[in-house]
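Student: There's a structure below that I have some questions on.
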Amino acid sequence: MADPSVKYQTVDDLRRRARRRTPRFAWEYLDSGEGDERSSTRNVESLRRVLLTPRFLKGEMEPDVGTELFGVRYSLPVGIAPVGLTGLIWPGADIALAEAAARCRIPYVASTVNTADVSDVGPRAGGMGWFQLYPPRDVAVREDLLDRAQQAGFHVLVVTADVPARARRERQTRERVSMPPRITPRHVAQATLRPAWTFGLLRNGIPRFHTLEHYVDRATLRELAGFVGASLGGTLSWDYLAETCELWPGPVVVKGILHPDDAERCVDTGANAVVVSNHGGRQLDAAPAAIEALGPIVDRIGGRVPVLFDGGIRSGLDIARALALGADFTLSARAFMYGLCALGARGAGFVASMFEQQLTSVMHQLGCEHLSELRDRDPRMAPT
Numbered sequence: 026m027a028d029p030s031v032k033y034q035t036v037d038d039l040r041r042r043a044r045r046r047t048p049r050f051a052w053e054y055l056d057s058g059e060g061d062e063r064s065s066t067r068n069v070e071s072l073r074r075v076l077l078t079p080r081f082l083k084g085e086m087e088p089d090v091g092t093e094l095f096g097v098r099y100s101l102p103v104g105i106a107p108v109g110l111t112g113l114i115w116p117g118a119d120i121a122l123a124e125a126a127a128r129c130r131i132p133y134v135a136s137t138v139n140t141a142d143v144s145d146v147g148p149r150a151g152g153m154g155w156f157q158l159y160p161p162r163d164v165a166v167r168e169d170l171l172d173r174a175q176q177a178g179f180h181v182l183v184v185t186a187d188v189p190a191r192a193r194r195e196r197q198t199r200e201r202v203s204m205p206p207r208i209t210p211r212h213v214a215q216a217t218l219r220p221a222w223t224f225g226l227l228r229n230g231i232p233r234f235h236t237l238e239h240y241v242d243r244a245t246l247r248e249l250a251g252f253v254g255a256s257l258g259g260t261l262s263w264d265y266l267a268e269t270c271e272l273w274p275g276p277v278v279v280k281g282i283l284h285p286d287d288a289e290r291c292v293d294t295g296a297n298a299v300v301v302s303n304h305g306g307r308q309l310d311a312a313p314a315a316i317e318a319l320g321p322i323v324d325r326i327g328g329r330v331p332v333l334f335d336g337g338i339r340s341g342l343d344i345a346r347a348l349a350l351g352a353d354f355t356l357s358a359r360a361f362m363y364g365l366c367a368l369g370a371r372g373a374g375f376v377a378s379m380f381e382q383q384l385t386s387v388m389h390q391l392g393c394e395h396l397s398e399l400r401d402r403d404p405r406m407a408p409t
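Heads up: the sequence shown begins at 26 in the numbering used here, then just goes up one per residue.
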């Protein structure tokens, strides 16, 4: 393939190619939201309404787009957000994402329900690995999961708060996407039209929840389905969060917060950071856009802990917008997955490089040499 940096200038360019290379059932899992998908659309559209005012006559500048978080220096203020069923979306995705994070020195958040074992993924991330926890009902399973993640080199724990129950996600239901995945004749027919994906599946095997198979006596798909449904989620409470903070030796981040009261209580309970997010619009179609919830939460937290942002990031400009409105760091899931589906194993690194170039350009245009200066660029929402 020719230099992709010429043909693919934006994440939307990658998204269009990704859709052509991914079987429909896998695409629907990645790209869909909940209900009429207004919440996921609001995330993107509201973020693009954020205006920033340039300041000029700054002389020669060399913008620094690196940042420090939890004592680690990252090359960019963006990380790869957790995604479940990664190996269904693109075969071998977990390892590719972890290795891209190591090369680019950005965080990779491995999901409890990704399709590679934590012990395989952790070392590939080169110290950039964070582990996302869907709260197990069984206390012993929780303790063992956390121990395995720690032993694998994950140093930050991300507790997902915004999935109290499985959402409907109608597009996925129509395509018969299940948890764990079952490849049906319908799926096989769709896969034959996407040879790159199919060859990847033949190399990597049918995607399975390898991290969770450790807790099932007979790790058949049926047994795993029963375990996931009966054992994960629906249990997170303030007491559970406090216990988890005590168990994990490193920073604990609570992901999926939209209300200032919840954010403040997370900190009081022991969390070291919160992520403002509506789960990519995949849980509640009436949820506000994540960017609209960011400011009030930043004000309430008042700098006590970092506030991270996840919701609609598609460019370096979007990263700058979130930082200008008070976020200390950002996460993106779909953008990196679009890159992976479009370009294969090199795709996630390509997206990181795209973000770096875009963010550097934006900082030049705004007259900012350091990320902290973005908050002085009069961020405001354009009228609808």
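Backbone N, C-alpha and C fix where the C-beta goes; we use that ideal spot for every residue, glycine too. Since the model is a prediction, treat every value here as computed from it, not as a measurement.
Between Thr111, Asn303, Asp287, which has its C-alpha nearest Gly230's C-alpha?
Tutor: Nearest C-alpha to Gly230: Thr111.
Student: Per DSSP, which one or two residues make a beta bridge with Gln157?
Tutor: Answer is Val183, bridged to Gln157.
Student: Tell me, please, whether the region 151 to 158 touches the region 388 to 406 by the rule of three or more beta-carbon pairs shorter than 8 Å.
Tutor: Because the criterion of three Cβ pairs below 8 Å is not met, the region 151 to 158 and the region 388 to 406 do not touch.
Student: Can you tell me which of Gly225, Ala174, Gly254, Gly351 puts its alpha carbon nearest to the alpha carbon of Glu317?
Tutor: Here the closest residue by C-alpha is Gly351.
Student: Relative to the C-alpha of Leu319, which candidate in Ala186, Val75, Pro160, Ala358 has its C-alpha closest?
Tutor: Comparing Cα positions, the closest option is Val75.
Student: Going by other Cβ atoms of all chains shown within 10 Å of its Cβ, with 16 needed for buried, is Gln79 buried or exposed?
Tutor: The question names Gln, but residue 79 in the sequence shown is Pro. So Pro79 counts as exposed.
Student: Give the straight-line distance between the Cα atoms of Tyr159 and Thr236, rounded to the nearest whole angstrom.
Tutor: About 12 Å.
Student: Does DSSP classify Asp335 as helix, strand or coil?
Tutor: If DSSP states are grouped into helix, strand and coil, Asp335 belongs with the strands.
Student: If you measure between the beta carbons of Val277 and Ile326, is that distance less than 9 Å?
Tutor: Result no, Cβ atoms of Val277 and Ile326 do not sit closer than 9 Å.
Student: Specify, as a first and last residue, the run of the beta strand (DSSP E) that Phe354 falls within.
Tutor: Note, Phe354: beta strand (DSSP E), 354 to 357.
Student: Give me the residue from Asp172, His180, Val103, Asp169 with the minimum Cα distance to Asn297.
Tutor: Asn297 has its Cα closest to that of His180, out of Asp172, His180, Val103, Asp169.
Student: According to DSSP, is Lys280 helix, strand or coil?
Tutor: Strand.
Student: Does the pairing of the region 142 to 149 with the region 165 to 185 give three or more beta-carbon distances under 8 Å?
Tutor: Yes: at least three Cβ pairs fall under 8 Å.
Student: In whole angstroms, what is the alpha-carbon distance linking Pro161 and Asp172?
Tutor: The alpha-carbon atoms of Pro161 and Asp172 are separated by roughly 14 Å.
Student: Judging by CA-CA distance, which residue of Arg191, Leu218, Gly337 is the nearest neighbour of Leu257?
Tutor: With distances taken between Cα atoms, Leu257 lies closest to Arg191.
Student: Between which residues of its own chain and Asp61 is the CB-CB distance below 8 Å, once the five residues before and five after are set aside?
Tutor: Asp310, listed in sequence order.
Student: According to DSSP, is Ala314 part of a helix, a strand, or is it coil?
Tutor: The answer is coil: DSSP assigns Ala314 none of H, G, I, E or B.
Student: Could you please give me the residues that DSSP links to Tyr99 through a beta bridge?
Tutor: BP columns for Tyr99 point to Thr92.
Student: If Glu398 and Glu87 are in contact, beta carbons under 8 Å, what's the gap, nearest whole angstrom?
Tutor: Wrong, their Cβ atoms sit about 13 Å apart, outside the cutoff.
Student: Would you kindly report the start and end of the unbroken beta strand (DSSP E) that includes Ala298?
Tutor: Residues 298 to 301.
Student: With Gly374 and Arg128 assumed to form a contact (beta carbons below 8 Å), what rounded beta-carbon distance in angstroms separates them?
Tutor: Right, their Cβ atoms sit about 6 Å apart.
Student: Per DSSP, what kind of secondary structure is Arg290 in: helix, strand or coil?
Tutor: Residue state, collapsed to three classes: helix.
Student: Apply the 10 Å Cβ neighbour rule to Val188 and answer buried if 16 or more other Cβ atoms are within range, or exposed otherwise.
Tutor: Buried is the call here.
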